[in-house]
Structure formats: structure tokens, C-alpha cells
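Going down the list, the protein sequences come from chains R, H, V and G.
Just so you know, the first sequence maps onto residues 1 to 388 in full-length UniProt numbering.
Just so you know, the second sequence maps onto residues 1 to 388 in full-length UniProt numbering.
Just so you know, the third sequence maps onto residues 1 to 388 in full-length UniProt numbering.
Just so you know, the fourth sequence maps onto residues 1 to 388 in full-length UniProt numbering.
All C-beta atoms in this analysis are idealised placements derived from N, C-alpha and C, irrespective of residue type, glycine included.
Below is one structure, written out as C-alpha cells; the observations come after it.
Protein chains: 4
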Amino acid sequence: MTARSGRHFLQIPGPTNVPDRVLQAIARPTIDHRGPDFAEFTFDLTTRLKPVFGTRESIVAYPSSGTGAWEAALVNTLSPGDRVLAFETGHFASLWRDMAERLGLTVDFVPGDWRHGADPAILAEKLAADTAYEIAAVMVVHNETSTGVTSRIPEIRAAIDEARHPALLLVDTISSLGSIDYRHDEWGVDVTVGCSQKGLMLPPGLGFNAISEKALVAATRSRLPKSYWDWTPMLDNNERGFYPYTPATNLLYGLREALLMLEEEGLANVFARHRRHAAATRAAVHGWGLEVLCVDAREYSGSLTAVLLDEQYDADKVRRIILERYDMSLGTGLGRLAGRVFRIGHLGDFNDLMLAGTLSGVQMGLELAGVTVDPAGLQAALAVLRAD
Amino acid sequence: MTARSGRHFLQIPGPTNVPDRVLQAIARPTIDHRGPDFAEFTFDLTTRLKPVFGTRESIVAYPSSGTGAWEAALVNTLSPGDRVLAFETGHFASLWRDMAERLGLTVDFVPGDWRHGADPAILAEKLAADTAYEIAAVMVVHNETSTGVTSRIPEIRAAIDEARHPALLLVDTISSLGSIDYRHDEWGVDVTVGCSQKGLMLPPGLGFNAISEKALVAATRSRLPKSYWDWTPMLDNNERGFYPYTPATNLLYGLREALLMLEEEGLANVFARHRRHAAATRAAVHGWGLEVLCVDAREYSGSLTAVLLDEQYDADKVRRIILERYDMSLGTGLGRLAGRVFRIGHLGDFNDLMLAGTLSGVQMGLELAGVTVDPAGLQAALAVLRAD
Amino acid sequence: MTARSGRHFLQIPGPTNVPDRVLQAIARPTIDHRGPDFAEFTFDLTTRLKPVFGTRESIVAYPSSGTGAWEAALVNTLSPGDRVLAFETGHFASLWRDMAERLGLTVDFVPGDWRHGADPAILAEKLAADTAYEIAAVMVVHNETSTGVTSRIPEIRAAIDEARHPALLLVDTISSLGSIDYRHDEWGVDVTVGCSQKGLMLPPGLGFNAISEKALVAATRSRLPKSYWDWTPMLDNNERGFYPYTPATNLLYGLREALLMLEEEGLANVFARHRRHAAATRAAVHGWGLEVLCVDAREYSGSLTAVLLDEQYDADKVRRIILERYDMSLGTGLGRLAGRVFRIGHLGDFNDLMLAGTLSGVQMGLELAGVTVDPAGLQAALAVLRAD
Amino acid sequence: MTARSGRHFLQIPGPTNVPDRVLQAIARPTIDHRGPDFAEFTFDLTTRLKPVFGTRESIVAYPSSGTGAWEAALVNTLSPGDRVLAFETGHFASLWRDMAERLGLTVDFVPGDWRHGADPAILAEKLAADTAYEIAAVMVVHNETSTGVTSRIPEIRAAIDEARHPALLLVDTISSLGSIDYRHDEWGVDVTVGCSQKGLMLPPGLGFNAISEKALVAATRSRLPKSYWDWTPMLDNNERGFYPYTPATNLLYGLREALLMLEEEGLANVFARHRRHAAATRAAVHGWGLEVLCVDAREYSGSLTAVLLDEQYDADKVRRIILERYDMSLGTGLGRLAGRVFRIGHLGDFNDLMLAGTLSGVQMGLELAGVTVDPAGLQAALAVLRAD
């Protein structure tokens, strides 16, 4: 293949397009992670990180992927054989369930159709039935990266509160953090799981846990074996600006720069931008005469849109054509959605014309793949981008 | 103003979007420009640079803008009071004329309407009339950056040849080099003037002269004062891999990387890509019901398109709206075209989806500025990008 | 404090000075880790990585620090309650012991004076006494970062072989990999633990396990809970060029560049360079009239030198003066060596004049701190650097 | 040759080691040089640049080497046949003389021994003799890069003032600007010539003129042909934040970052640092038993030191050995000093340990080249660096 000109469109739902400022920050010389400059850096970083999680509580950062942060949430709060309740909202919810089982937990997995978020009503039922308080934790994925469906965490919280159930609430914000409004404290989340390579606009390599007081107490009783993920030495060291083992210094540099960018734009503006781009994308999908996988308007994702194709089409063929012809990467259908959907990431460091280029590429790719689409789809998206 | 997310669309007709590879090359540590590694580097660079000019003859590179390379072409070949023939193809042709006059040359400036290239027929007449061979040089701008009109250099050459006139042919390729097919040797050009920040995908700061044997001979008789621009010490030093004064080392690093990129894509593919993007852009302009400034299809520019608005509109207002709302820079109308045209650069490191984003932004901006446009324009452009 | 001019001297024994080439590689745009380009990249990377470990067997790379790779080595091969044998060679050996205990293993910890490596004779005794083959694994730190003492792995291997004991051999090469000759296959190591930020010249954020066939078999029986660190999905995915969860893409870019640099220099040359710099450093220490912590010449480290001060001096004061006056970071005394030693890192991307600058700074710092030193120390080091 | 590890020591007297911050700034995306953001950038840049020149008057910046700025100083102020007075302080003074002659000026060149600066007494004589005020300008090199000798500009100024002579004072600060105290206004300089790649810590590619009111008046009468270098359109455009032709955008980004760094360190500290490093270097040279080329202590250069070898030695052989063995570039002997001296640059982004490494390399290289040196030289330098 001939070399390609211009910039690749990385429109998978993460990793996202890393801004130049962040790439440059990552390329600064590594410093002594035990020296005084590093301690100052850590304090500043933590302060800036908290608003993104909507918390004043503790946050720990691991050199890891988001998957590692999933594991940290579990091994720090739970003990072998503990029962946890989880919702089959999609592929990643299923993977988290698998992890919990591999770590020796018993998962009560509420089945789902991969087109809806976690159902607060079912949660209410489950908790009401659990009069012995055997459910130690509720695991919810805030924004299912495989489906583009968000779960309504405040309603999940309300269901737990109404049941007066002591279960911990563990929430995966992998693809919502820094893109979709999220409030660890206000929503009473106990452990928020996050990572670097989506709304935080970094390359992969950092995993996060935001931790409530209640989760810290639970941690003192937790008996799952842990060392790398152990919150205690992490929090102890962080207090002095350090880490129990070598942190991913250069990614942390990038994190600081990304947080500065979010501050400069303003988090409320960031969230509004994602909502607007999601709306424009759905306008395109509907205009093309295609179906958005997410069926409940309350659960539309601000960070990605999964497009469901008619059974006669192969979504991966569409993706392949778009990659080859237009140098754009889209997300594949995962698990049971393989071949049926493709996913458009519109999160992170993104703007109107990048979205217009993205949707133009999708439209052309669909046409080239023989999918009948109404070209009014693109115009409908532009109408959204033209309105303020 | 709130900080902006995503990548700025730099769609002026140069400087162009500098690819990351080139930016990184420029950021390598500066080395000793008198050391053995630098000499090897210079030899390799010169070898790779020649095909872009279509020459096997000498090329010199100045730490300068393209304007400096204009001056070099004049002061090396001409003497005070020499008569030169130039064509008013637009703003930059006029500026080059001004420079020639400031340097003490007498310019015979063939008037033009800024919508056509240099007319070979007029040139033929002029040369035929110049029986005393008083015209020392013919100055032509290959691609007028202010208008998006290319001059047909082979026909210019033919006119000189048919007249058996000894005038030198000096050609400005500032915004065509590396974007539009150009052949210094085959077309018998004596001095080709180029720069770094357009098709070569570099930041500004390098000016070039490609020099024919005939021009070298002329240089030995030239009496315009010169030192910095003097070809002789430059060529002498270059032969040993060095420069008579400190070269712009880091921009030269970037130049090497840019040349590698052009090689990887293949120059023929690069030119075809520019032609295709220009065709798609014109399809959009015509589809919108607007006018392309260039009126002769033989002279359409591959690197930029100037769009002429009806007198009731202010093209700069359109540009301002597009900059504010969509973070895209377009070229302004220069000189007599001020307020009447805006220019879309589609050259350099560019691809289909970047163009689709660009044209989407132009369409939305026109609509927001109250210019009546048919949204079919964008679809027409996509049709070009969808066809192979 | 006033801003500092010039380059910081990062002479801790890791993270090391990251070369510009590697920093630039890390700053390249993140790509789709599920796309075809990434698979090709992964295959190439793995191929290039193996010689550094001296292996043809499997290697896995985690988004983690080296500590994570320690944990991976344990949880993949062992079961709760397993007995392991470890040697107290210094601070990091002690930390690894702690980790093993936290994970539920029983550690037989052979005491040491932190000035010698693991003793093959003691190992032989221990294994001879273990007639029931209760020792599931032997854990050795190849190069103790806290002491600058290397353990003689071939002799350790020989002791195991002679005892015909089935224990696995787990070796930490955190601060030797890519700096000191190491041979996973030839020495019969079962799991080699490595990381990115030392001899591999990367920022922190990658952890490695090289894994023998025997270790893979042990993994099938291992019952410690695991998910993130589980070798099986990692190896399965790697076979297709992918990862079970998002890899640290940009650090992997840097890894590839670092491996190219090691190839260009030649691994044998890299090791010889480290040995030579270590010899020059010891020449300085001895010339100053000070003591090298390592007492056995067979166990001198090629990557760092720990300098033992007389009790009347505070090694951390020396380090503080050097940091403040000369902008150089040195390693502190860890654990029981606190205040007694400082450590000079001379590993990674380093050369003779950087070492001369480093030793000059140490000499001046010692003098400023009131430590009596013979300035002939520096000259002795230069004599080593002057001899071929 | 095998690939080299570690950082090259670029110890020529410019280009100097470019700090990472500046390299990163240069690698930022190029923006529209006619847009509103660029205008703001220009204003800020000019404000920050003035203190480095010690001026409140006008400064222009060319995309050029320093040689271009020499030419600009001449063509803007003088007319064909004008007489100028210059001093043979070394190679660069001679080159500037050559340029003046090539441009049609008549140069009265005061001979020198290349070991002293311009002599204020001779200047006084020359001016006294010039009762017809035929000398239009006095050209002086502040810091001769070929010799490491500074001329005493305040005394030069005093000589002109005492003679009540109207000649303009043109000063080359190529290798002193940003390294050695310099005061355009206070010293009554009319045109100060500077460039980017020395004390300003940038790659080459920018030339500067600081211009007095008197020089601006002279410019209105100057008749040397000029266009690229013409101050008038430059100053007119700068007033609105723009340039008459495309500026070297990315180098200007780097300039801003470099100016921030100079501000952070404080100019007075920057000058003191250079003086201190020069003193340490001379201590080494004298300690080795070698000769510093500069013979007058009032004229010692803060930015470089030229070392004069006994005739039996070949200074270029010493340099070659040092380059090959220690990966350090030193300055060669230029013109009549070829083979007799080598020059150590200690300017720009530099610190104590980089200097210690530099001097260690010089000492080892001298020894390897068979030059008898007393190793006490290095210790003498360290003594300077150890004293506050």
C-alpha cells in the first residue's frame, strides 16, 4: 500500500486522538520520582484530577490499563466468595463479570439486551430480595463502550438508598470520564474506575480508582490477596507526594497537561461539546435511515454512537472499506454484536470539523459498501453543528 | 474566548499543516554544521530534493522565506537597469514586480485580470517586438497563491523558444512545488523559486533556487550587489557538504523527513491527490452555486481554490465566522480581491476526510454568513471523493 | 530558587535519562490497538525484544511498573501457601519477599548483609535439605538496585541443577536488563522479571515477564487468583498481535525505538560500555578513598555503584548538596542503608563525558559536604576512560 | 562506526545545545501568520525580546542566518561607495568586511593580531583624522566567535562621542547576545546584529537588527538596493503584529520559549553564569599549561574560550580525537588560526556538570593527542565551580 497523506482519523471510542500538547508533555525528560520536584508535581496533579471525577475523596493512579483499575476496585473491597450484583449491559460489563469470577467472587449477573443500561427497577427488586445483605457490591458500567449506552447512575444510587442496602456501588467510567457529566460524591459512588485513553485524551497506561470513605472502611475488611493494587501503601505514599513503586512518570506529565486543557475549556463546556457531537452523530445516523443501537433517549452516550446495520450487511466490511479508503478507524462490534454494529467515537480532543470529516467518511464508506443510505444524513448532522 | 478542543484546520494556501513526522524531525538536537555528519546529511538532502524540482541541475537552499528566494533569483542573474518582463497574474506577481523595481530593474508588466495565468500569446508578441533582446528575463508565477490560477509554463517556454529569444525564464513555484507537477529541466526553466511551507509541508524558513547552466553563466555577468544571496559561495560550499554561513539546520532536518514522505507516497501520487482534492473542491463550489475565481479549466490550481462571492457579501466576514465557529483558517482576498474572495488551501499533508471537514466548515460558514448556497455542494464533493 | 540552565543529570539507578529518539517515539499519535498496523507492530516488537532477555521463549509486556511484573511472576506460577526461597540481598529483595507474603506465600528468606549477592552454596544446602521438594520457587534479584551487587545467576542455576530440585527459578532483572549480560534461556531461568525505565531507556510504565516452558506448565497448576496478570489470555492475544486489554501503546512505540538503538550499538557493546563505566566509577570511589558497598569483585554491578560513607557523614546531605548545587539526582540509601550510602546510576543512555560530569559533581559535592576525598579519584576515572 | 550512546556534547561556540523546551516549542503546529492569534503572539514576543538587547528601540527579526542580519545592517543604513571603518579582530570581522566590500562599500580595515578586541585608541585617531566626516559607520564585532575576544563597546562609544563624529555604530553580537552583558541603548549602538543559535539557545534561522532612532533616520537616506532586508515594510507590518513576508513561525515559537527561560533564570544570572563558566574554563587551560588566545583580561569572552596550541601540535587532530572518542564537537581554528587553536563553547543552555564533562573530554583528548598537559587543569576548573 502506498504511504498515506494527512492525519489518520482515530474514531474508535478510545484510545482517542491525543492532542499535541499532551504528546509533548509525555515527551519531557523523566525525572527522579523520589525527588522534591516530583512530590510537588504529585500534589498539584491530584488536586486537578479530583474535579473530573466530581470528588473530594481519594484517588489513586496505577501504571495500568483500565482493566487493572477494575481489578483494583474488586480486590481492595471484597473477599473470596463475596456475592456481587452486575448488569449485562454489554461486552465490557461481561468482561468485568468474568474478572470478578476469576478472582473468586460470585456474580449475580442480570441479563440484558445490550441496548439498555442497568435497570434501576431490577436493582431495586434484587436488593429488596436480599434481606440478608449478601450482596457486597453492585457493579455498573456508566457508559458501555461496546454499545454507546449509558446507565443512569443517580437512579441506581436511589434504588440502593431506598432499599437501605449496605452494598458498595462500583462504577466503571472508562469511556465516560472527562466526556460525560459524572459525580462520584454527589451520586454516592464508592469506587469509580477510570483510565487515561478516552476522555482524558492520553495514551493508554494509567488506571484510576476514586474511593469513598465507605470503600476505605470496606478495604480494611477485604481479604482478596493484593499487593500491586493495594490502596493502603498507595494512599500512604501519595500523602507525601510519592508512590509505593515507580509511577508512569511521563504519562502523569501528560495527565497534567490534559487536565489543564480540560480546565481551560471548562468541564461544563467539555460535557456540552460531547452531547452536541453525539446529537449531531445521531442526526446523521437517523438521517441515513439507519438505527442507533441505544434505544432509550435517556441513555444515549455522549462519547460514542453504535450504529446497527441490517442483517444483510457486514459492519466489519464497512469498517474495512473506511479504513482502506479514508484512513479512519472505527470501533468494531464486540461479542454478540460482532458484524452487526460499528461504533463511532466522538470523544476526547475533537471538534466540529473533525466530526464532519468523520461522518463524511462514514457516509461514503456505507455507500461504497453497498449500504443504502440517504445522503441527507450528513446534512442533518451539519444542521446540528450549525445551530448554536 | 473559551479554549478550543480538537485540531485547528489550517486551510490557508500555506503555511500548510505540518505533519508530526516533520515537526519531530525539526525538534531533533542541532548538530555541528561544520562536522562530518552534517556533510553526509547535506549530500543526501540535495539528492532527494532534486526530483521535486524535476531537475538534475543545482539547487541552493537559503535560511529565508520564499521572498528571499525571489530576491536571490534576481540579484544573481541581473544587473542594475536590466529590463524584465512580468505578468500581472495576481497579488504575488505584483509583489515580485515591486521587488524587481526596488532592486533597480525595469519591469515591463503585462496587465491581467487576476483570473488568468500568464498569456503565452502576449509573451510571444512581446518577445517578437524585442528585436534588440533587451528583455533580460521573463518572470512568471507558476501557481498564483492569491488567485488559484496556474500559468502554463511549457507554453511559456515554447513561446520563448519560438521567438529564439535569449531571455532567462524565472519561475515562482512557491505554492506549487511538491503539489503540482513541475519540471525545471524539461520545461527549460532557468531559475525556479521555491520555499518550504507549502507543498513541502514544512514550517516557513527555507527558500530555494534551482538553477540552470544558462543561469549560472548569466550569474557571472550579473552586477546587482549581492552577498547573502550570492550563488557562488553557496554552490562552492555545498559541494563539500557545507554552507558559507550557518544553515537552518533543524528546518533542513524537517526537509529531509518531508522528502522521505513524498518519496514514500510517490510524487505522481502526490500530484494526483492534489488534483483530485482540487476537483472535489470545485465540485463543492459549483454545487453551492458559487464561482471559482479561475476561469480557464486549463489553469485550475491543484493546491488552492479561490471562491468569488457576489458583491453583496463580505468574504472576510465569512472567514471570520468560520474561524470563530469552526476553528478553521482560510486565505483572505489579497490586493484588489480584498473582501471579494476567500481561498481554500487543499495542499500539503492532507486527505479526503480533512477535505470533507474543510468543505463542511465552509458550507456551514457560508450559510451562517447569510450567503445562499445549495447544500448539494458538499455532496458533489463527496461524490468526487467516493469515485476512485 | 532560580530557574536552572542546562540539562539535569538524572544519575539515580533508574529511571534513566531517556534518549530523545525514545521520547519522540513515545510522542507519536496513538493508533487503534485492534487494527492491522498494530498487529504487525506487535510481532516486530516481540522479535526485537527477545535478544535483550537472551530468550527464544515467550515474553509478555504489561502496562505496569516492574513491581507489577514481580506480582505476575508469582501469581501465574504459584498457589496459596506455596513455599518459596528468597535471598536478602537488599531492599528490593526484601520488598519482593513482602509481596510474596502478602499474596499468601510462605517465604524462606535467607538473611544477608546487603553487600553480597545470593549465595549459591547456601542455596545448595537449602535445596539439599528440601527432600520433599516443598520449595516451589527460588526468587533471586539479579542486580540489587539498592546495593549495586549482582547475583551470579549461572551459579544459582548450577546449584539447583546439582540438587536436581524441581523449584522454579524466578529472577528480577529490573536494573540489569539491557545493561548487564543476561541469558534467560542459557541460564535456565523460568521467569525473568523486567521493566522499561532502566537499561531499556524508557520512562516507567512497562513490566515484562520472560517465561520458560516449565513456567508455562506450572501456570496451568497455579491457584493464586489472577486476571490482569494472567499469562494465558496475554499469550493467546499476543499470538494474533493483540492484547487482552488496551496496551500502553505509546510506551511500546518507545520500546521499539529503544530496541533499535540497542541493536545499532550492539548488545555486546552495550554491556561492555556499562562494565567500563562501572570500572571508571569504582576507580573514582577508590581514588577518593571511599568504599564501594559491594565487596566481592565478581559481583560488581555494571549499572550502578553504591558508595558507603563513614558513619560520621550523612549521605543524604551529600545528595541534597549535589542536587541543589549541581542539578544532579543520585540514589538514596534505602532501608537499612539509609543515610549511609548514595548510589550513582551509570546505566542506560550514557557516555564517557556524561560520566565525567557525573563524577565531577560527586567529587565537588563530597568536598562541599565536608567529606575528605582525594581529588585523584576523578583522575583515576579519567584514566579508565582514556585507556581503550 | 558503531552507534553512540548518550548525548552528544555540542561545544562549538554555536549553534549551542538547544534545550528540550525550545525544541518542543519549535515542534508546535504552524499557524496562520496573518491571523489574530499571530498578531498577539508577535506583540508579546517583541516585548520580551527587547531586554535581551538592552533596548527600548525597534527590533526586526528576519528568517535568515546572522549573516543576513549583517547584510540588513549595511543595506539599510548605507549607500554605494560609502566609507566604513572596521577592525580586524578575527575571522568574522574579516568576513563582515568582505561583505561590505561586495555590497559596494569602501572599508577602512584596521589590522589586528586576532588576540585583541577593537582598539578604542585607534578608533579615536581615525575619527579625529576624518574631519570631513567621510566615515559613515564604524563596524565592530562585540564577541569574536573565532577568537574568544570581546571588544569594549562602551569605550568604542566613548571614542566616537569624544570625537563628536556622526558615524553610525554597528555592532555584531552574534555570539554574545543572551550570554554576555550587552546594552544597545545605554552604549549608544545604532544597529545591533544578532542571531538565534547561540545565547538565544535556538537552532539557526533567525537574524535580528536592533535599530536606533539615528539609524532609522540614516535609513531614509540609504541608497543601497534592498527589498528582503528593508526595515521599512518590516517595521510597518510589525506594528500590526505581522510581517511583510512569511516569518519563520516555528523558530519564533522557539524564540518565545527561550526568552521565557532567560526571564526565569534572570538575565543578570545568565551573564554571571557565563562569566563563571568562562573563568573555570580558563582555569583549566592555564592549569593544563596551555595558552588562552585572548591576551587582555578585560576582553575575555564569557561565551567561548580559544585555546592556542604550541606549533608542534595540530589542533584539528585534537578536535578529531575528541569527536571520535568522546562524541564532543569543538570549534576549529578559522582563517589564520587554522590548526593552531581549538575553541570551547560554554554558552547557551549549559551548567556546571556539562562544563565538567566538556573539560574532562578536552583534557583526555589532549592527552590522547600527545599534547603534554598537567591534569591539575581540570581540578583548577572544579575549584572554580566549587567556590560559589
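Residue j beta carbon less than 8 Å from that of residue i
i      : j      : result
G/I211 : G/S58  : yes
G/L330 : G/A356 : no
G/S227 : H/R102 : yes
V/I321 : V/G365 : yes
V/L359 : V/R325 : no
R/D236 : R/N17  : no
R/G254 : R/I26  : yes
V/T372 : V/I344 : no
Beta-carbon proximity list for residue i, same chain, < 7 Å, skipping 5 on both sides
i                      : result
H/R21                  : E257, M261
residue 390 of chain H : Since the first and last residues shown for chain H are 1 and 388, residue 390 of chain H lies out of range.
G/R275                 : G302
V/L323                 : S329
V/H91                  : S146, L334, G335
H/R7                   : none
G/D314                 : G339
residue 390 of chain G : With chain G running from 1 to 388 in the structure shown, residue 390 of chain G is simply not present.
R/H142                 : T150, S151, I153, V171, D172, T173, S176, Y182
Amino acids of chain G, ordered along the chain, whose beta-carbon sits closer than 9 Å to that of residue i
i      : result
R/R28  : D20, R21, Q24
V/D327 : N351, D352, L353
V/A278 : Here the premise fails: no neighbours, minimum Cβ distance about 14 Å.
Residue i: contacting residues in chain V (beta-carbon distance under 9 Å)
i      : result
R/G104 : P225
Same chain, Cβ closer than 8 Å to residue i, neighbours up to 5 away in sequence not counted
i      : result
G/D316 : T332, G333, A338, G339, F342
R/M99  : T67, W70, E71, L74
Own chain, CB closer than 6 Å to residue i, minus 5 neighbours either side, in chain order
i      : result
V/L290 : V307
H/D388 : none
H/M1   : Model confidence at H/M1 stands at a pLDDT of 46, short of 50, so the residue's coordinates are unreliable and nothing is read from them.
Within chain V, partners of residue i - CB distance below 7 Å
i     : result
G/R48 : None at all; the shortest Cβ gap to chain V is about 15 Å.
Amino acids of chain G, ordered along the chain, whose beta-carbon sits closer than 7 Å to that of residue i
i      : result
V/G6   : D349, F350, N351, M354
V/R386 : M364, E367, L368
H/D32  : L10, I12, S329
Under 7 Å from the C-beta of residue i: neighbouring residues of chain R
i      : result
H/E101 : What H/E101 touches in chain R: nothing, since even the nearest Cβ is about 39 Å away.
Neighbour list for residue i in chain G, Cβ cutoff strictly below 8 Å
i      : result
H/I344 : Correct list: empty, because the minimum Cβ distance to chain G is about 13 Å.
### Message
Does the contact criterion of 3 or more C-beta pairs under 8 Å hold for the region 201-210 of chain G versus the region 59-73 of chain G?
### Response
yes
### Secondary structure, beta strand (DSSP E): runs of 3+ residues fully inside the region 29-85 of chain H
58-63
### Task
Give a yes or no on contact between the region 279-293 of chain H and the region 220-240 of chain H, applying the rule of three or more CB pairs nearer than 8 Å.
no
### Query
In chain order, which alpha helix (DSSP H) runs of at least 4 residues are fully inside the region 287-347 of chain H?
315-326
### Message
With a threshold of 8 Å, are at least 3 pairs of Cβ atoms found where one atom belongs to the region 28-46 of chain H and the other to the region 27-39 of chain G?
### Response
no
### Message
What ranges does the beta strand (DSSP E) occupy inside the region 177-221 of chain R, keeping only unbroken runs of at least 3 residues that lie completely in it?
### Response
191-195, 206-211
### Query
Within the chosen definition, does the region 182-193 of chain R reach the region 241-260 of chain R through at least 3 CB pairs nearer than 8 Å?
no
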